[in-house]
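Here's the structure, in structure tokens; my notes come after.
Rendered as structure tokens:
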């Protein structure tokens, strides 16, 4: 019997050691799994609230934003050991059991702050700065040119997204030429030695020279274009009448950019019929690069989706241009959220997620 007690004691100690070792392993595993899960859900909900804001603007409705300020996850672990044994004559240990376990518990607390106040309003209604415009313009790809949403007017050419019915296709032609030359590596936006911004056109061949001439003609700039020579054109950000010796850009506000993008939201015919939203009357050259579909049923192939007025509004997973457009909008709003929330006196909503 003493021998059996000794064996059970050793086994119990070993079980405790295993349980403690399990606790030590749970910590890193919890960090590895929890961090990715929290990051994914924060990113997903940020996408959803930006898409919801765009959809609400299509319906001429106000929208609100909540910024996640902190996530605190309290992790607790407890170990337990259970021993059951039969004590009696004989050397058999049948019926004796030893069990060890680890109880893992996680209680996250999430804090939100409403994005509002004078500073936020100013940032949403102030035109994009030169620095922000140049920074975001670097998100250009072969499928999407950010200038469609970052420029209201250039050298007198009105962007049809911001001035529907009061523009022609000249602006879109400028954007396409600009995108082609930049993608080919012969056009860059650079800083001069004096600190001013310039359009630098360089290393272009005879074929590309034709596109350069066409670009300058579209902008009303008269310059001699010779393959092998460089062109430096001053880049000005202005509001007012344009001169013809530089590339002069008028930028929109962040709110105007979101509203322009919202023109790509498809709306149900029944909503148009009852007058809660205006019908789509845009010409082809006035269309937003962002396309948002509407469906009664939850979409299966959606990159991002949000529900509004009994419909699902979503970006198709296979629509590369719309996804890249949304990435630009998300980045732009992110800049505004970060800037607008600093020092802002607003109530913080803290939500503990308990058992």
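Residue numbers (this note's numbering): 18 to 372. Glycine included, every Cβ here is placed at the ideal spot set by N, Cα and C. Only a predicted model underlies this, so the values are computations on that prediction, with no experimental measurement involved.
Residues that DSSP places opposite residue i in a beta bridge
| i | result |
| --- | --- |
| residue 216 | 206 and 250 |
| residue 85 | 129 |
| residue 224 | None, per the DSSP bridge assignment. |
Residue i vs residue j beta-carbon contact at 7 Å
| i | j | result |
| --- | --- | --- |
| residue 263 | residue 251 | yes |
| residue 279 | residue 133 | no |
| residue 283 | residue 322 | no |
| residue 303 | residue 163 | no |
| residue 125 | residue 83 | no |
| residue 206 | residue 228 | no |
| residue 179 | residue 296 | no |
| residue 176 | residue 191 | no |
| residue 220 | residue 242 | no |
| residue 88 | residue 55 | yes |
| residue 320 | residue 281 | no |
| residue 266 | residue 171 | yes |
| residue 308 | residue 336 | yes |
| residue 217 | residue 249 | yes |
| residue 67 | residue 347 | yes |
| residue 137 | residue 342 | no |
| residue 254 | residue 147 | yes |
| residue 150 | residue 166 | no |
| residue 318 | residue 301 | no |
Endpoints, the alpha helix (DSSP H) within which residue i is located
| i | result |
| --- | --- |
| residue 271 | 271–278 |
| residue 262 | Here residue 262 belongs to no alpha helix (DSSP H), and DSSP marks it neither H nor E. |
| residue 190 | 187–200 |
| residue 302 | That residue, residue 302, is in no alpha helix (DSSP H); it is neither H nor E in DSSP. |
| residue 136 | 135–142 |
| residue 178 | Counting along the chain, residue 178 falls outside any alpha helix (DSSP H), and DSSP gives it neither H nor E. |
Coil, strand or helix - residue i by DSSP
| i | result |
| --- | --- |
| residue 124 | strand |
| residue 236 | helix |
| residue 55 | helix |
| residue 172 | coil |
| residue 331 | strand |
| residue 286 | helix |
| residue 241 | coil |
| residue 374 | As displayed, the chain neither begins before 18 nor continues past 372, which places residue 374 out of reach and without an answer. |
| residue 312 | strand |
| residue 90 | strand |
| residue 307 | coil |
| residue 293 | coil |
| residue 161 | coil |
| residue 61 | helix |
| residue 341 | helix |
| residue 66 | helix |
| residue 182 | coil |
| residue 110 | Caution applies to residue 110, whose pLDDT of 49 falls short of 50 and renders its modelled position unreliable; the model cannot decide the point. |
Boundaries (first-last residue) of the beta strand (DSSP E) holding residue i
| i | result |
| --- | --- |
| residue 150 | Careful: residue 150 lies outside any beta strand (DSSP E), inside the alpha helix (DSSP H) at 147–154. |
| residue 319 | 319–325 |
| Are the segment 137–154 and the segment 265–276 touching by the rule of at least three beta carbon pairs closer than 8 Å? | yes
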